[in-house]
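Protein chains in written order, with the UniProt record's numbering: chain R, 1 to 283; chain U, 1 to 283; chain S, 1 to 283; chain V, 1 to 283. A virtual CB, placed ideally from N, CA and C, is assigned to each residue, including glycine. Everything numeric in this text was worked out from a predicted model, so none of it was measured. What follows is one structure encoded as structure tokens, with my remarks underneath.
There are 4 protein chains.
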Amino acid sequence: MKTTILIHCPDQTGIICSVTGFVHSQGGNIIYLDQHVEKASGELFMRIESEFLDAKLSVSHFKTQFDKELTEKFKIKWSIHTDETKPRMGLFVSKYNHCLYDLLSRFNSGELAVDIPFIISNHTDLEFVANQFDIPYYHIPVTKATKAEAENEQLALLEKYQIDFVVLARYMQIVTSKIIDRYPNKIINIHHSFLPAFAGAKPYHAAFKRGVKIIGATGHYVTEELDAGPIIAQDTTTVSHTNSIDDFIAKGRDLEKIVLSRAVKLHIQRKTMVYNNKTIIFS
Amino acid sequence: MKTTILIHCPDQTGIICSVTGFVHSQGGNIIYLDQHVEKASGELFMRIESEFLDAKLSVSHFKTQFDKELTEKFKIKWSIHTDETKPRMGLFVSKYNHCLYDLLSRFNSGELAVDIPFIISNHTDLEFVANQFDIPYYHIPVTKATKAEAENEQLALLEKYQIDFVVLARYMQIVTSKIIDRYPNKIINIHHSFLPAFAGAKPYHAAFKRGVKIIGATGHYVTEELDAGPIIAQDTTTVSHTNSIDDFIAKGRDLEKIVLSRAVKLHIQRKTMVYNNKTIIFS
Amino acid sequence: MKTTILIHCPDQTGIICSVTGFVHSQGGNIIYLDQHVEKASGELFMRIESEFLDAKLSVSHFKTQFDKELTEKFKIKWSIHTDETKPRMGLFVSKYNHCLYDLLSRFNSGELAVDIPFIISNHTDLEFVANQFDIPYYHIPVTKATKAEAENEQLALLEKYQIDFVVLARYMQIVTSKIIDRYPNKIINIHHSFLPAFAGAKPYHAAFKRGVKIIGATGHYVTEELDAGPIIAQDTTTVSHTNSIDDFIAKGRDLEKIVLSRAVKLHIQRKTMVYNNKTIIFS
Amino acid sequence: MKTTILIHCPDQTGIICSVTGFVHSQGGNIIYLDQHVEKASGELFMRIESEFLDAKLSVSHFKTQFDKELTEKFKIKWSIHTDETKPRMGLFVSKYNHCLYDLLSRFNSGELAVDIPFIISNHTDLEFVANQFDIPYYHIPVTKATKAEAENEQLALLEKYQIDFVVLARYMQIVTSKIIDRYPNKIINIHHSFLPAFAGAKPYHAAFKRGVKIIGATGHYVTEELDAGPIIAQDTTTVSHTNSIDDFIAKGRDLEKIVLSRAVKLHIQRKTMVYNNKTIIFS
Numbered sequence: 001m002k003t004t005i006l007i008h009c010p011d012q013t014g015i016i017c018s019v020t021g022f023v024h025s026q027g028g029n030i031i032y033l034d035q036h037v038e039k040a041s042g043e044l045f046m047r048i049e050s051e052f053l054d055a056k057l058s059v060s061h062f063k064t065q066f067d068k069e070l071t072e073k074f075k076i077k078w079s080i081h082t083d084e085t086k087p088r089m090g091l092f093v094s095k096y097n098h099c100l101y102d103l104l105s106r107f108n109s110g111e112l113a114v115d116i117p118f119i120i121s122n123h124t125d126l127e128f129v130a131n132q133f134d135i136p137y138y139h140i141p142v143t144k145a146t147k148a149e150a151e152n153e154q155l156a157l158l159e160k161y162q163i164d165f166v167v168l169a170r171y172m173q174i175v176t177s178k179i180i181d182r183y184p185n186k187i188i189n190i191h192h193s194f195l196p197a198f199a200g201a202k203p204y205h206a207a208f209k210r211g212v213k214i215i216g217a218t219g220h221y222v223t224e225e226l227d228a229g230p231i232i233a234q235d236t237t238t239v240s241h242t243n244s245i246d247d248f249i250a251k252g253r254d255l256e257k258i259v260l261s262r263a264v265k266l267h268i269q270r271k272t273m274v275y276n277n278k279t280i281i282f283s
Numbered sequence: 001m002k003t004t005i006l007i008h009c010p011d012q013t014g015i016i017c018s019v020t021g022f023v024h025s026q027g028g029n030i031i032y033l034d035q036h037v038e039k040a041s042g043e044l045f046m047r048i049e050s051e052f053l054d055a056k057l058s059v060s061h062f063k064t065q066f067d068k069e070l071t072e073k074f075k076i077k078w079s080i081h082t083d084e085t086k087p088r089m090g091l092f093v094s095k096y097n098h099c100l101y102d103l104l105s106r107f108n109s110g111e112l113a114v115d116i117p118f119i120i121s122n123h124t125d126l127e128f129v130a131n132q133f134d135i136p137y138y139h140i141p142v143t144k145a146t147k148a149e150a151e152n153e154q155l156a157l158l159e160k161y162q163i164d165f166v167v168l169a170r171y172m173q174i175v176t177s178k179i180i181d182r183y184p185n186k187i188i189n190i191h192h193s194f195l196p197a198f199a200g201a202k203p204y205h206a207a208f209k210r211g212v213k214i215i216g217a218t219g220h221y222v223t224e225e226l227d228a229g230p231i232i233a234q235d236t237t238t239v240s241h242t243n244s245i246d247d248f249i250a251k252g253r254d255l256e257k258i259v260l261s262r263a264v265k266l267h268i269q270r271k272t273m274v275y276n277n278k279t280i281i282f283s
Numbered sequence: 001m002k003t004t005i006l007i008h009c010p011d012q013t014g015i016i017c018s019v020t021g022f023v024h025s026q027g028g029n030i031i032y033l034d035q036h037v038e039k040a041s042g043e044l045f046m047r048i049e050s051e052f053l054d055a056k057l058s059v060s061h062f063k064t065q066f067d068k069e070l071t072e073k074f075k076i077k078w079s080i081h082t083d084e085t086k087p088r089m090g091l092f093v094s095k096y097n098h099c100l101y102d103l104l105s106r107f108n109s110g111e112l113a114v115d116i117p118f119i120i121s122n123h124t125d126l127e128f129v130a131n132q133f134d135i136p137y138y139h140i141p142v143t144k145a146t147k148a149e150a151e152n153e154q155l156a157l158l159e160k161y162q163i164d165f166v167v168l169a170r171y172m173q174i175v176t177s178k179i180i181d182r183y184p185n186k187i188i189n190i191h192h193s194f195l196p197a198f199a200g201a202k203p204y205h206a207a208f209k210r211g212v213k214i215i216g217a218t219g220h221y222v223t224e225e226l227d228a229g230p231i232i233a234q235d236t237t238t239v240s241h242t243n244s245i246d247d248f249i250a251k252g253r254d255l256e257k258i259v260l261s262r263a264v265k266l267h268i269q270r271k272t273m274v275y276n277n278k279t280i281i282f283s
Numbered sequence: 001m002k003t004t005i006l007i008h009c010p011d012q013t014g015i016i017c018s019v020t021g022f023v024h025s026q027g028g029n030i031i032y033l034d035q036h037v038e039k040a041s042g043e044l045f046m047r048i049e050s051e052f053l054d055a056k057l058s059v060s061h062f063k064t065q066f067d068k069e070l071t072e073k074f075k076i077k078w079s080i081h082t083d084e085t086k087p088r089m090g091l092f093v094s095k096y097n098h099c100l101y102d103l104l105s106r107f108n109s110g111e112l113a114v115d116i117p118f119i120i121s122n123h124t125d126l127e128f129v130a131n132q133f134d135i136p137y138y139h140i141p142v143t144k145a146t147k148a149e150a151e152n153e154q155l156a157l158l159e160k161y162q163i164d165f166v167v168l169a170r171y172m173q174i175v176t177s178k179i180i181d182r183y184p185n186k187i188i189n190i191h192h193s194f195l196p197a198f199a200g201a202k203p204y205h206a207a208f209k210r211g212v213k214i215i216g217a218t219g220h221y222v223t224e225e226l227d228a229g230p231i232i233a234q235d236t237t238t239v240s241h242t243n244s245i246d247d248f249i250a251k252g253r254d255l256e257k258i259v260l261s262r263a264v265k266l267h268i269q270r271k272t273m274v275y276n277n278k279t280i281i282f283s
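Spelled out as structure tokens, the structure:
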């Protein structure tokens, strides 16, 4: 069995030694350790991948012992994840299919170690894609009047299917705190990004009008402040005056799908830790 | 002799044919023609590089004939530049030397076909660099109280030395309309750029705090609205949580110097045309 | 109707003027003209997009007139393409699905203006993908012994369905001159690329062993010399010592699919011209 | 005092714990730890930055204790570096100045924590740059006949000035094993790199002829096999058919100087470890 342990605690003498020593004492062989110290605040973040080969690890026993020996002593917030249970991913889409296709084709190829119990959409446009991949599709329309009710329906599905994290694959709707609060740093969104940024409803048009030479996309966790949550992944590509607005948008789509899939993969691999609206992305 | 002709006019049937025909009639051999039509407004932008081999071209005769035959007819705004006169570049710096060194070392290598009559600075820190490269250095201090007077001194130098365009190589001071109006789309500035943008005095710190994964730099013409002028060149590079603020700034310096030099080179080669706060950058 | 005209001829005085004048005389409004002169050889390459709005263009009449007035005079090789007929694309695949999914999802979104009459494969692995997208799938096994016969079958299908160009979407088989000669500069392949290059059967393993920091992919036309045909598109991404071979290959897959789709799109848009094993890629 | 410790040993249970415990026992506070396990060979590489604040660290005492307690036990190859002694860098150049200027301007700005006792060149072309920066310049001509003798002179200077590592800033001469053997993984070179690679004397011309869309540069340690040593840093940039050979070379120069300076900086910061012709580059 392979485990990934994520640790967050005040930086202090002996912490790495104590944790690695504990893992060894439980029969684990550390195959990757990466750590980061936020100097300003003196906080330590650590990610440890271990293999438990000889003995079958009892996760619950590991947890109990870890808490007894380390949690209090070092004031550790931690979690352990094994490769025996796949995280369950909820997919929200609207009308654009490029991110959806990219995620589902990777899923189909075995590149994403998740379960995808369903796809939720406020439109019926992409039901045919869900059918192509044999995934249940729930059409939950959203209007101003029905938004609260729609989110209740969404939450009910998220709970019924024991969803671990949510991916907004160009969902195009604002998700409210009702859902965000239940999935803190567990909802991943993709949005276009520009240098400099352009506010308002049609950023590609604004960027085009300004004649930018680079466009980008940002994959991030959703927080209540719109598009301002912790950044997981970003990428950029070049554009020029020869590109039409349609070209801008097409190039944006390519960025969006690659960056969103990259962010989702980092999340699944437990390579992301969030701290103060900022991410540590382990390599 | 080699000439570059820049043309801006309403798009219309026969314009390319008429202009290229005229150049041929004057003994010119077109070695590069690039054109761009802004579809929304129906405006044509064209850049033509020609060689005049057999005969010695009389530029003034060329101008007169062009105006007579084409300017009115097609409502053309145009300019002609020959490789026999080098543009004269005014350099403004403050305390940072990375952009200055990059420009001067390229200048020294013959990569930039300009004259650099002087360097102006509000500080004395970089006088030694000017000395290294044997370029006159004018120290014009700028305070709130003396800003207007300082700009008068700067203008006097720009005029005395018949400066064609100005490069703000990390000048760190706002240039007012008093100077901008005299050099429209002829003052080049470099500034850091982020996805998303961060307002305020310390953008690198803000970007660091947000945990961005990409930083960028933008070379642009200076307009009255701060850092909002037509974009000439941009580039980005990746950063991560392992980078300190100092790393961010160091990576930013590398971007700034390369992007500024690239923008300056495009300007010198007459590959930039400005239209509605947007650039056409010919290749 | 929109047309794209591609022209290749010796560079000569008056050629641009004559061609643009001809297009106008036929009722065409030029919306994009891009040209390139290979200075070493004095050859001109030109791409002209025009709209024929008022009158219905007779393509055959246009061709006859063009040949009469221009072809001989300027020694032009040329072709005209209209948006009224879609090119027919033959897809060859093997066992990897990332490029196939990327192409088909773009096709489904209307991003690729082609017809895809069938998918050919030497394996049955991807038949389910063809079924997902309702495209006929021909399984033509290839062994050393049956290679010649298999290519005959492939050729028969290419002809039967009047295929205009072929895309090898990770086909993993060498295509011989029997097919290449029938589709010169009309077969597009994708292959991984490294700095420096690594020969042999397992280039990702070799690159990994050397500890490269950048990997790339190249989309190119197939010629008889393996992986040495004219390059249409390339891209790179960064890797590090923290990446396993599997990571290298996964990052390579992302590059491959994006670069192949980009190359296919450029081909469909008639933005590629080949000359001496080199491409002109219009913007 | 700040120290950097580099460790290379067989991967084994308890090694991280033992080493970090030892650093603490000597009064060190670990501010960064990064480690990498080569799974294929089971080798561990670790880099530890520590601060010794309260007490003045005796490096020699630290070394003795480390050897006594850890070196034999874990079969560790290791080194310790403090920020109290700057490495001494020998600079070799030929006729191109872009890399030289880039390194010297960074040096002047305090970005490179080294001493540069001299510049060696086989030509006199860049003596003026050395003079600009007040660095002694040794002109040692190299011909086929005098190569061995020239290398003896170079070695004598390297030894006299106690050079720690050498940077070939576009030196354009092959350095033989006579020098390489004395500075294993301590000579840094920069060379252009292409996808695919082009052999022979004029790679930019070959890449131009093939119509590549991306060019690159590789910074690497020099080994006896030409341009095949462990890679420290790489970067790429885009080119197109509109670029002349001169443009290719100019873009190459920009890559070369940035990538070489990046490689030099990584070396100075002790972020590189070499293993089997491959580098571990710590972040």
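Cut-off 7 Å between Cβ atoms - residues of its own chain near residue i, not counting five sequence neighbours on either side
i	result
ILE268/U	PRO87, LEU112, ALA113 and VAL114
TYR204/V	HIS192, ILE245, PHE248, ILE249 and GLY252
Proximal residues of chain U, C-beta to C-beta of residue i below 8 Å
i	result
ILE258/V	ASP254 and ILE258
GLN132/V	GLN132 and PHE133
Other residues of its chain near residue i: CB distance less than 8 Å, five sequence neighbours each side excluded
i	result
GLY158/V	The question names Gly, but residue 158/V is Leu in the sequence shown. So the qualifying residues of the chain are GLY90, VAL166, ILE179, ARG182 and TYR183.
PHE118/U	GLY90, LEU91, ILE135, PRO136, TYR137, TYR138, LEU157 and TYR161
ASN277/R	THR223, ALA228, GLY229 and PRO230
PRO10/V	GLY42, GLU43, LEU44, PHE74 and LYS75
ILE188/V	PHE165, VAL166, VAL167, LEU168, GLY219, HIS220, TYR221, VAL222, ILE232, LEU260, ALA263, VAL264 and HIS267
ILE23/V	Per the sequence shown, residue 23/V should be read as Val rather than Ile. Excluding residues within five positions, the ones whose Cβ falls inside 8 Å are ILE5, ILE30, ILE48 and SER50.
Under 9 Å from the C-beta of residue i: neighbouring residues of chain R
i	result
GLU111/S	HIS98, ALA250 and ARG253
Reduced DSSP secondary structure (H/G/I, E/B, other) of residue i
i	result
ARG210/V	helix
LEU112/V	coil
ALA217/R	strand
SER177/R	helix
GLY90/S	strand
THR20/V	helix
HIS267/U	helix
SER50/R	strand
For residue i, the nearest candidate out of the options (CA to CA)
i	options	result
ASP164/R	SER109/R, ILE16/R and HIS81/R	HIS81/R
ILE30/R	THR20/V, GLU151/V and THR13/V	THR13/V
GLU84/R	MET1/R, LYS68/R and VAL212/R	MET1/R
Same chain, Cβ closer than 6 Å to residue i, five either side skipped, listed in chain order
i	result
ASP34/R	ARG47 and PHE282
MET172/V	SER94
Closer than 7 Å at the beta carbon, the chain R residues around residue i
i	result
THR242/S	SER283
| field | Within the region 54-88 of chain U, ranges of the alpha helix (DSSP H) (whole runs, at least 4 residues) | value | 59-66
| Segments of 3+ residues assigned as beta strand (DSSP E) that fall wholly inside the region 111-177 of chain U | 115-121, 137-139 and 165-168
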